[in-house]
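>
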Amino acid sequence: MARILIIEDSPINMELLTFLLANEGHELFLAERALPGIEIARQQPLDLILMDVTMPDVGGIEAAKMLRAHPNTRTVPLIAVTAMAMSGDKERIIAEGFDEYIAKPVDFAQLLEKVARFTGQSPSSDSDESQGT
Numbered sequence: 001m002a003r004i005l006i007i008e009d010s011p012i013n014m015e016l017l018t019f020l021l022a023n024e025g026h027e028l029f030l031a032e033r034a035l036p037g038i039e040i041a042r043q044q045p046l047d048l049i050l051m052d053v054t055m056p057d058v059g060g061i062e063a064a065k066m067l068r069a070h071p072n073t074r075t076v077p078l079i080a081v082t083a084m085a086m087s088g089d090k091e092r093i094i095a096e097g098f099d100e101y102i103a104k105p106v107d108f109a110q111l112l113e114k115v116a117r118f119t120g121q122s123p124s125s126d127s128d129e130s131q132g133t
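If you count the sequence shown from 1, position 8 lands on 8 in UniProt numbering, and the numbers rise without skipping.
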């Protein structure tokens, strides 16, 4: 399955994303802040990065620019997983360097579909029962 980095500062959200994606068989790398996540991304060959936008220290928008500027991470698909869901937020976030956007609370079926689309894999049949929280 895919090698996915999750950069998420909320322990609850990290646990939910980890549980869901591990059940799909993905190999996961985890970071609670942007800078350690960027270091992981530069050192590990990844298929996808899921990243919160609003984090302490370095935010997701700035981190996306750093990822896009580095040769090892420039082309890794980057999906924002964020509570920023006001009108225009999705377009602004994508314009800042993200490839896709998922609003919190996460709809698990939507997350699995987008992960599958960006990694070229299909979600397992058991995940059809998964719904957002």
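Virtual Cβ for every residue (Gly too), placed ideally from N, Cα, C.
Please work out which residues of its chain come closer than 6 Å, Cβ to Cβ, to residue 50, disregarding the five sequence neighbours upstream and downstream, and give them in chain order.
If we look at residue 50 and ignore the five residues flanking it on each side, its Cβ neighbours are 6, 79, 81.
> Ends of the beta strand (DSSP E) at residue 29?
Where residue 29 is concerned, the enclosing beta strand (DSSP E) stretches over 27–31.
> Thinking C-beta only, is residue 28 closer than 8 Å to residue 115?
Contact: no.
> Let me make sure I understand the geometry here. Which of 68, 19, 85 has the alpha-carbon closest to that of residue 77?
Nearest option by C-alpha distance: 68.
> Classify residue 125 as buried or exposed, calling it buried when 16 or more other Cβ atoms lie within 10 Å of its own Cβ.
In this predicted model, residue 125 has a pLDDT of only 47, less than 50, meaning its place in the structure is not dependable; the value taken from the coordinates is given anyway. Under this definition residue 125 is an exposed residue.
> Just mark residue 52 as buried or exposed, buried being the case when its beta carbon has 16 or more other beta carbons within 10 Å.
It counts as buried.
> Sort out for me which residues DSSP pairs residue 51 with in a bridge.
DSSP output for residue 51 lists 7, 80 as bridge partner(s).
> Excluding sequence positions up to five away, which residues of its chain have a Cβ less than 6 Å from the Cβ of residue 72?
Around residue 72: 42.
> Bridge partners of residue 93, per DSSP?
None; residue 93 has no bridge partner.
> Could you compute how far the alpha carbon of residue 8 sits from the alpha carbon of residue 120?
Distance between the alpha carbons of residue 8 and residue 120: 23 Å.
> Report the option in 33, 74, 86, 44 whose CA atom is closest to the CA atom of residue 59.
That would be 33, whose Cα lies nearest to the Cα of residue 59.
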